[in-house]
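Start counting the sequence shown at 32; every next residue gets the next number (this note's numbering). Below is one structure, written out as structure tokens, with a few remarks after it.
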Amino acid sequence: MTQYLSRRRFLSTAGGLAVTGPATIVEASRKPALDVIDCHTHFYDPTRPEGIPWPRKGSSLYRTVLPRHLRALTHARKVTGTVIVEASNRLEDNQWLLDIAKDDPFVLGVVGHLDPSQPGYVKNVRRFARNRLFRGIRVSQGLVASRLKSNSLDVFKVLQDHDLELDVNGGTVTPLVVSRLAARMPGLRLLQNHMGNVAITKAPPPKDWVSNIRAAASHKNVFCKVSAMVEGASRGGGKAPTDVAFYKPYLDVVWEAFGDDRVIYGSDWPVSERAASYRQQQQIVLDYVGDRGRTAVKQFFSLNSQRAYKWVERDGRTKT
Numbered sequence: 032m033t034q035y036l037s038r039r040r041f042l043s044t045a046g047g048l049a050v051t052g053p054a055t056i057v058e059a060s061r062k063p064a065l066d067v068i069d070c071h072t073h074f075y076d077p078t079r080p081e082g083i084p085w086p087r088k089g090s091s092l093y094r095t096v097l098p099r100h101l102r103a104l105t106h107a108r109k110v111t112g113t114v115i116v117e118a119s120n121r122l123e124d125n126q127w128l129l130d131i132a133k134d135d136p137f138v139l140g141v142v143g144h145l146d147p148s149q150p151g152y153v154k155n156v157r158r159f160a161r162n163r164l165f166r167g168i169r170v171s172q173g174l175v176a177s178r179l180k181s182n183s184l185d186v187f188k189v190l191q192d193h194d195l196e197l198d199v200n201g202g203t204v205t206p207l208v209v210s211r212l213a214a215r216m217p218g219l220r221l222l223q224n225h226m227g228n229v230a231i232t233k234a235p236p237p238k239d240w241v242s243n244i245r246a247a248a249s250h251k252n253v254f255c256k257v258s259a260m261v262e263g264a265s266r267g268g269g270k271a272p273t274d275v276a277f278y279k280p281y282l283d284v285v286w287e288a289f290g291d292d293r294v295i296y297g298s299d300w301p302v303s304e305r306a307a308s309y310r311q312q313q314q315i316v317l318d319y320v321g322d323r324g325r326t327a328v329k330q331f332f333s334l335n336s337q338r339a340y341k342w343v344e345r346d347g348r349t350k351t
């Protein structure tokens with residue numbers, strides 16, 4: 032008896048290759064390439080002589096976390112590369128990550144932490160931009176709102192001038208703030224982090240969040256990372272649900288607004304592990320995007336992030 036796989040399960044296991052007959056069975060068994068780029072990870076090492084500012088000692092996250100630890104996890108689809116988001120506020124920790132990336136082709140880029148309000152900001156942007164692996168910086172929604180209010184956007188223009196992007200993190204108002212910056216600076220690539228950190232519940236998505244997501248998506252220079260999703264579903268503590276149906280109303284809002292070509296995969300690992308295992312959080316989005324077809328899967332897991340971050344394929348990186 033012929034057995035059939037659902038579209039999403041087939042895509043998540045076979046990488047989206049259509050198996051049409053015996054001639055393709057061997058090809059399918061080789062697991063054809065599906066790049067899976069995790070665009071929101073944090074790495075740090077508390078055993079360094081200078082220690083780390085985050086996470087704090089006593090936290091379940093307080094341990095050495097490096098790219099090799101991500102590779103060693105059980106994945107729903109093997110992660111083939113990552114873009115690191117710096118969580119430390121120390122200037123030279125940007126260089127520490129770039130040094131890690133230099134020797135590990137698994138790392139495709141680093142989103143740094145540079146404070147636009149600090150002396151030397153422009154000089155430091157220029158310094159790190161000389162390294163091709165430095166792809167941009169992350170700031171808070173509050174900083175962006177403040178700069179918009181004071182009409183002092185030169186701190187963002189220097190990123191645009193160096194072909195760098197801007198990640199923005201914050202609460203559910205963040206997409207609205209991002210939309211206002213996008214309108215003022217259409218040449219700056221903007222990445223909304225964590226879908227605006229909306230709390231994901233059984234209730235319908237909040238109307239203000241929906242409106243803000245649509246406002247951000249109306250600007251073609253804005254991308255949205257589907258990251259920290261399981262954290263959004265476990266605000267009360269404990270583990271997050273793992274059934275894609277629980278998340279679908281919220282994911283529908285994001286995809287209907289941004290479309291297949293501006294939504295990006297990110298885990299927020301290792302923070303995400305407090306809500307769900309890596310495999311579980313990855314399987315949720317695999318199940319969702321798999322139903323949108325093979326092209327959407329490739330766009331979500333790699334092609335969109337390549338346009339947003341402009342990361343470059345590195346010699347020595349193996350696709351699986």
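Even glycine gets a Cβ: it sits at the ideal position worked out from N, Cα and C. Bear in mind the structure is a predicted one, so any value in this text is a computation, not a measurement.
My output table needs one value for residue i: the three-state DSSP class, helix, strand or coil.
{"i": "R102", "result": "helix"}
{"i": "T171", "result": "First, the amino acid is wrong: residue 171 is Ser here, not Thr. It is a strand residue."}
{"i": "V343", "result": "coil"}
{"i": "L197", "result": "strand"}
{"i": "F332", "result": "helix"}
{"i": "Y93", "result": "coil"}
{"i": "Q85", "result": "According to the sequence shown, residue 85 is Trp rather than Gln. Residue state, collapsed to three classes: coil."}
{"i": "G269", "result": "coil"}
{"i": "A176", "result": "helix"}
{"i": "R211", "result": "helix"}
{"i": "A288", "result": "helix"}
{"i": "T326", "result": "helix"}
{"i": "A307", "result": "coil"}
{"i": "D274", "result": "coil"}
{"i": "D146", "result": "coil"}
{"i": "P206", "result": "helix"}
{"i": "R79", "result": "coil"}
{"i": "S181", "result": "helix"}
Give the range of the beta strand (DSSP E) segment to which residue i is assigned.
{"i": "G9", "result": "The shown model of the chain, from 32 to 351, leaves out residue 9, and the question about it has no answer."}
I'd like to check one pair, residue j with residue i: are the Cβ atoms closer than 9 angstroms?
{"i": "D69", "j": "L92", "result": "no"}
{"i": "G218", "j": "N252", "result": "yes"}
{"i": "Q191", "j": "V209", "result": "no"}
{"i": "L104", "j": "F332", "result": "no"}
{"i": "V189", "j": "Y152", "result": "yes"}
{"i": "D146", "j": "N162", "result": "no"}
{"i": "A271", "j": "P206", "result": "no"}
{"i": "G290", "j": "T72", "result": "no"}
{"i": "H264", "j": "A234", "result": "According to the sequence as given, residue 264 is Ala; it is not His. Taking 9 angstroms as the Cβ cut-off, A264 and A234 do not qualify as a contacting pair."}
{"i": "L282", "j": "V257", "result": "yes"}
{"i": "V114", "j": "W342", "result": "yes"}
{"i": "V110", "j": "V67", "result": "yes"}
{"i": "I244", "j": "A288", "result": "yes"}
{"i": "F376", "j": "G140", "result": "With the chain covering 32 to 351 only, the question about residue 376 has no answer from this structure."}
Looking at residue i and the ligand SAH, is the gap between the Cβ and the nearest heavy atom below 8 angstroms?
{"i": "K279", "result": "No copy of the ligand SAH appears in this structure; indeed no ligand is present at all."}
Based on the DSSP secondary-structure assignment, which residues constitute the bridge partners of residue i?
{"i": "T113", "result": "D69 and V138"}
{"i": "I295", "result": "K256"}
{"i": "F165", "result": "V141"}
{"i": "W300", "result": "T72"}
May I ask which residues mark the beginning and end of the alpha helix (DSSP H) holding residue i?
{"i": "N155", "result": "Y152 to A160"}
{"i": "K251", "result": "That residue, K251, is in no alpha helix (DSSP H); it is neither H nor E in DSSP."}
{"i": "D130", "result": "L122 to K133"}
{"i": "D192", "result": "D185 to D192"}
Practice problem: Please specify which runs of the beta strand (DSSP E), each continuous and at least 3 residues long, are wholly inside the region 215-249, giving them in chain order. | Solution: 221-223
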